[in-house]
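In our numbering, each number is its position in the sequence shown, counted from 1, plus 121.
Using N, Cα and C, we set each Cβ at its ideal position, and we do this for glycine too.
Here is the structure we will look at, set down as structure tokens.
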Amino acid sequence: MLYDGLPLKDRIRAAARDGFDGVECHWPFNVPSPDVASVLQESGLPMLGLNTHTGDRTKGLFGLSAVPGFHSEARRAIEQAIDYCAVIGARNVHVMAGYTNGGSLAETTFRDNLRYACDLASVHDITVLIEPLNSRDHPNYHLSETNHAAEIILDLDRVNLKLMFDCYHVQIAEGNIQARFQTLRDLIGHVQIASAPDRQEPDDRQIDFVRSMSTTQSQKKPVWVGAEYNPRTGRVEDGLSWLPALRRELFRRHFLET
Numbered sequence: 122m123l124y125d126g127l128p129l130k131d132r133i134r135a136a137a138r139d140g141f142d143g144v145e146c147h148w149p150f151n152v153p154s155p156d157v158a159s160v161l162q163e164s165g166l167p168m169l170g171l172n173t174h175t176g177d178r179t180k181g182l183f184g185l186s187a188v189p190g191f192h193s194e195a196r197r198a199i200e201q202a203i204d205y206c207a208v209i210g211a212r213n214v215h216v217m218a219g220y221t222n223g224g225s226l227a228e229t230t231f232r233d234n235l236r237y238a239c240d241l242a243s244v245h246d247i248t249v250l251i252e253p254l255n256s257r258d259h260p261n262y263h264l265s266e267t268n269h270a271a272e273i274i275l276d277l278d279r280v281n282l283k284l285m286f287d288c289y290h291v292q293i294a295e296g297n298i299q300a301r302f303q304t305l306r307d308l309i310g311h312v313q314i315a316s317a318p319d320r321q322e323p324d325d326r327q328i329d330f331v332r333s334m335s336t337t338q339s340q341k342k343p344v345w346v347g348a349e350y351n352p353r354t355g356r357v358e359d360g361l362s363w364l365p366a367l368r369r370e371l372f373r374r375h376f377l378e379t
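See below:
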């Protein structure tokens, strides 16, 4: 995604240079957490969140928490992510479900691991996020639709369990992101934007979507909006015209004053 060619600490510095107000990352675990905490302090940016470890991707794993037979590995991945977040001051942990056959055992496994994650995260005032990934890009990912995620969140009834609403994945899987956002707003803890179907810089549709959030956002606790896309030219700085426009319209008033 953004700044992929740079080491993690330099990616944080680049985000600060280019005018972002916060950062998030996928799997930072090869960099000592105190080093990341130091560069965050240097840059003045908060780390919004990170993911639990995928497991061994050469063996077809892309998340562990819904995969039967990986109980210990899933719990270790949750503990690792929460401990890392606690050191660097990150607000959210995305607990990755993984590829499954979609059966009841996988669902029970996922819910049990989410309860475990919520209990651990609550000690540090960290929010656990679950994110549906579209089945075109991720066939057999256990969580692929927002309705499924909403059902889990409502059933588990944990105050620190929220939905990561990735506009790209929702648009590909379900469409009509504006209506789905309004329906799910109370369950959403974080938003990500990118154009669809190419997952590049946010376009006018994403800017219109974020603008449409303003009425709801102004009356509820704001959520951050993250940019998760592949730059068209390979250089982030070549395609940031959307950022000041979005900030000028909404960010300072509705999203970033948390």
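Check your understanding: Can you tell me whether DSSP reads D319 as helix, strand or coil?
Key -> Here residue 319 is taken as the residue at index 198 of the sequence shown, counted from 1. Coil.
**Study point:** Paired residues, beta bridge with N213 - DSSP
**Key:** The residue given as residue 213 occupies position 92 in the sequence shown. According to DSSP, N213 bridges with G170, T248.
**Study point:** 7 Å Cβ shell around I314 - same chain, five flanking residues per side excluded
**Key:** Translated into positions along the sequence shown, residue 314 becomes position 193. For I314, where only same-chain residues beyond five positions count, the Cβ hits under 7 Å are C288, P323, Q327, V331, V346, A348.
Review point. Apart from the five residues just before and just after N110, which ones in its own chain have a Cβ nearer than 6 Å to its Cβ?
Key: Given a span of 122 to 379 for the chain in the structure shown, any question on residue 110 remains unanswerable.
Practice item. With DSSP collapsed to three states, give me the class of L254. Key: Position 133 of the sequence shown, counted from the first residue, corresponds to residue 254. Three-state result, L254: coil.
Check your understanding: From T221 to M334, what distance separates their C-alpha atoms?
Key -> As a position in the sequence shown, residue 221 is number 100, starting the count at 1. As a position in the sequence shown, residue 334 is number 213, starting the count at 1. If you take the alpha carbons of T221 and M334, they lie about 33 Å apart.
Review point. Which runs of the beta strand (DSSP E), 3 residues or longer, sit entirely within the stretch 252 to 287?
Key: 282 to 287
Practice item. Quick one: using the 10 Å Cβ neighbour count with 16 as the cut-off for buried, is D275 buried or exposed? Key: Numbered from its first residue, the sequence shown carries residue 275 at position 154. The sequence given here has Leu at residue 275, not Asp. Classification for L275: exposed.
Review point. So what does DSSP say about Y350, is it helix, strand or coil?
Key: As a working mapping, residue 350 is identified with position 229 in the sequence shown. DSSP places Y350 in coil when its eight states are reduced to three.
Point to revise | Segment contact flag, the stretch 186 to 194 with the stretch 217 to 237, C-beta cutoff 8 Å, min 3 pairs | key: yes
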